[in-house]
Each structure stands twice: as structure tokens, then as C-alpha cells.
Amino acid sequence: MKLSRFWICLLALLLLAGCKPHAHGEPCGPASRELTAMDTYMAMTIYHQPREEAEQSLQQAVGLIAELDELLSVTDTDSELYRVNHSGGETVSLSEETQALLAEALALCKSTGGALDVTIYPVVRAWGFTTGDYRVPEQEELRALLEKVDYTQVALTEEGVTLPEGMELDLGAVAKGWTGDRLMELFRSAGVTSAIVELGGNVQALGTKPDGSPWRVAVQAPEGGYAGALEIADKAVITSGGYQRYFVQNGETYIHIMDPASGRPAETGLHSVTVVTDRGIMGDALSTALFVMGREKAVDYWRFRQDFDAIFLSENGTAAITEGLEDCFSLCGEWEDRPMEIIRK
Numbered sequence: 000m001k002l003s004r005f006w007i008c009l010l011a012l013l014l015l016a017g018c019k020p021h022a023h024g025e026p027c028g029p030a031s032r033e034l035t036a037m038d039t040y041m042a043m044t045i046y047h048q049p050r051e052e053a054e055q056s057l058q059q060a061v062g063l064i065a066e067l068d069e070l071l072s073v074t075d076t077d078s079e080l081y082r083v084n085h086s087g088g089e090t091v092s093l094s095e096e097t098q099a100l101l102a103e104a105l106a107l108c109k110s111t112g113g114a115l116d117v118t119i120y121p122v123v124r125a126w127g128f129t130t131g132d133y134r135v136p137e138q139e140e141l142r143a144l145l146e147k148v149d150y151t152q153v154a155l156t157e158e159g160v161t162l163p164e165g166m167e168l169d170l171g172a173v174a175k176g177w178t179g180d181r182l183m184e185l186f187r188s189a190g191v192t193s194a195i196v197e198l199g200g201n202v203q204a205l206g207t208k209p210d211g212s213p214w215r216v217a218v219q220a221p222e223g224g225y226a227g228a229l230e231i232a233d234k235a236v237i238t239s240g241g242y243q244r245y246f247v248q249n250g251e252t253y254i255h256i257m258d259p260a261s262g263r264p265a266e267t268g269l270h271s272v273t274v275v276t277d278r279g280i281m282g283d284a285l286s287t288a289l290f291v292m293g294r295e296k297a298v299d300y301w302r303f304r305q306d307f308d309a310i311f312l313s314e315n316g317t318a319a320i321t322e323g324l325e326d327c328f329s330l331c332g333e334w335e336d337r338p339m340e341i342i343r344k
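Counting with numbering that gives the first Met the number 0, you get residues 0 to 344 for the letters of the sequence shown.
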């Protein structure tokens, strides 16, 4: 699960320059909408579009989010994903939307070597992160659950998806990123050239600010406040970190990001990983997967793909960024004078 609205925020969002009147003299943005969906806070703002058209675009966006939420919820008994998870090993036909999302999610699981695994849901539930009833499962229980964690056992064909009995899917690690991409498609088709959305901490921008300058996004520091600021245009900025959703038992801290190999919270020496990429679904998936990999393997993966950039905040108080962010990211606040490494190819 990605960070809440307070973990990544938009800097100076209210200070943006207003847009010029539309050619027909109609009032022109910004137009905003806030809502709660997919168990998280969401906000969308459109600029540089006549107000009536912007409001129509936002209404369509709300409808799209509701449609995706209804398809992908793991707890809603009417959802498509719930039907898949309770199919008893039978093949379930899928909507075009879910089919496409699941195909891409499985490809990302394979690409990350299973550091992302969309069948991890039973393990996450056993730790209490889906219910709030936190507990540390016994090793024997985890061993049994891990027998049902293996994305390679998900059979996706044109006819639908087949899960072995007892296996469950959870697309929460990719759903908000996918939603952000779909919103960008919707806005572009409506002629929107400047917009920004926040989906539970996932920030995704269309174009630039109305004045042509880049959007400015802040990355939260683990201890509170902000560790850095990032300037973007037409990018998604998505963070996974272990320092908001966690519980403490017998003096030990357990975070919500699970390692599919062990069935236990990932312990990699990282506080957070922020991924900057063209597509939200990739940022959503990779922010989790890179955290699970740990910095060394994550950097190897970045060098192999070279189609995203990343920010690593480590438990030792240092920061590292991939070279594509060298000119658009800077540390700030209490992190301003801390060491920051530039990771090069």
C-alpha cells in the first residue's frame, strides 16, 4: 500500500498562476474535485480548460474511479476481483479493463523477479494490515500461507483467469497507478493540457503548470516534514515506505511492505523508495518492488531497465538518486545538509 496524502504533497499548489481566459471568453480553471475511493483520499485539479468543460471532465473522472473501484476491490462481494478470489479454482471471465490490468501486473511481477507478487494478499491479511487486528504470525502459519503465494500460478488467457484454489489476488500495489494512467488518458482525450491528481499519495501530472513551469512535488521525510523537492512535467511520482503503516509488538516494529519470499515485512535498510516514471502503474509497482529488493538489487534493476528514476532514503539517514533526477531534485528541511549520492549508469 502506498503512502497516504500526507506522505507526498504538492508544493505551492495554491500559488499557481491563474490561466488566461478561454478564446470564447468563458471562465477558465482551476477546477478541482476531492473524493474517497479505493480506501484512500483522492484529489484532482484541472487547469487551462473552460470551467464547464473542466467540470465535465472531472465528473467523468469520478465515474471512472468508481468503475475501477467496483471492479478491483478485494472486499466488495460484488467486485470482479472478489469473484476471482472465491472461484474455487474455476476460470472466471474478466472485463477488458481487469484483463489488461492483470496482464500488466503479472508482467511486472515477472520483471521484478517476484519482488512484486500480486498473490501476497493472504500473508498481508495474516499480519492484520487489511483488518487492523495486528499480529505476528507463527512461522508454521507463514510457511503454509506462502505455499499459496506464487504469481506464476495465475493462468491468464483470453477466456479469463484461473487461480489455484486457496490463492487470492490483490491488485492494490498497481491499482492506483493504473487509475492515474487512465485519468491522464481521459483528460488528454478531453483536451486538457494541464492537470494534476493525487491518489492516496500517488502524484501524477499532465503537462506543466499553466505558466509553463514544472510541477513541484515534495517527498516526505521518515521523521516528518520533507526530505526533498522534485520538479516534474508529464510524470508520475510514487513512494513506498515503511514508516506510516506499521505496528509495534514486544519492542519490534513491523511494517506493511511484505517480502513475498519470506512472508515477513521487508528489512532492507531503506526508509522509502520514490519512483519517477512516465506511467503510474510502473511507478506504483516498482516503488514496492524496489523497496523489497533493497538498494543494491534495486540499482541493478534500474540500470537494466533505464526507463524510470528513483529516490532512495535509507535508514542510516542518507539519500541517493538516479542520475536522471540530478537537475530536478534537491534535499530540503532537515535533510538539506545530509549526504546525497548520484547513482550513475
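Cβ atoms here follow ideal geometry from the backbone N, Cα and C, with glycine treated the same way.
- In this structure, the CA atom of Glu54 is about 9 Å from the CA atom of Arg32.
- Taking C-beta atoms under 8 Å as the contact rule, Gly113 and Gly224 fail to qualify, at a distance of about 35 Å.
- For Thr156, the enclosing beta strand (DSSP E) covers residues Ala154 to Thr156.
- Within the same chain, and ignoring the five residues on either side of Val298 in sequence, the residues whose Cβ sits closer than 7 Å to its Cβ are Ile342.
- Annotation: Glu322 to Ala143 spans about 42 Å, alpha carbon to alpha carbon.
- Counting the other CB atoms within 10 Å of its CB gives Asn84 a total of 16 or more, which places it among the buried residues.
- Membership of Ala53 in the alpha helix (DSSP H) is indicated by the continuous run Arg50 to Leu71.
- Counted as a single uninterrupted DSSP element, the stretch harbouring Asp308 is not any alpha helix (DSSP H) but the beta strand (DSSP E) occupying residues Asp308 to Ser313.
- Straight through space, the alpha carbons of Asp68 and Thr76 are spaced by roughly 12 Å.
- DSSP places Gln98 in the uninterrupted alpha helix (DSSP H) bounded by Glu95 to Ser110.
- Taking 8 Å as the upper bound for CB-CB distance, Leu63 and Leu71 are not in contact here, some 12 Å apart.
- Going by beta carbons, Val191 and Ile45 fall inside the 8 Å limit.
- For Glu79, the uninterrupted alpha helix (DSSP H) run begins and ends at Glu79 to Asn84, by DSSP.
- Pro338 sits exposed, since fewer than 16 C-beta atoms from the chains shown fall within 10 Å of its C-beta.
- Excluding residues up to 5 positions away in sequence, Tyr242 and His270 lie with their Cβ nearer than 6 Å to the Cβ of Pro221 in the same chain.
- Leaving aside the five residues that flank Val123 on each side, the residues in its chain whose CB is nearer than 8 Å to its CB run, in chain order, Thr129, Asp169, His255 and Met257.
- Note: Glu197 is bridge-paired with Ala42 and Val202 in the DSSP secondary-structure output.
- Within the same chain, Cβ atoms closer than 7 Å to the Cβ of Val135 are found at Gln248 and Tyr253, the five residues on either side in sequence being excluded.
- The continuous alpha helix (DSSP H) containing Val122 extends over residues Tyr120 to Ala125.
- Excluding the 5 residues flanking it on each side, Gly316 has same chain C-beta neighbours closer than 7 Å at Arg337, in chain order.
- Around the Cβ of Glu335, a 10 Å sphere holds fewer than 16 other Cβ atoms; the residue is exposed.
- Beta-bridge pairing by DSSP links Ala189 to no other residue.
- When secondary structure is reduced to three states using DSSP, Val298 falls in the helix class.
- Note that the C-beta distance between Ala104 and Val148 is not below 8 Å.
- Sequence-distant partners of Ser92 (beyond 5 residues in either direction) whose C-beta falls short of 6 Å from its own C-beta, in its chain, are Gly159.
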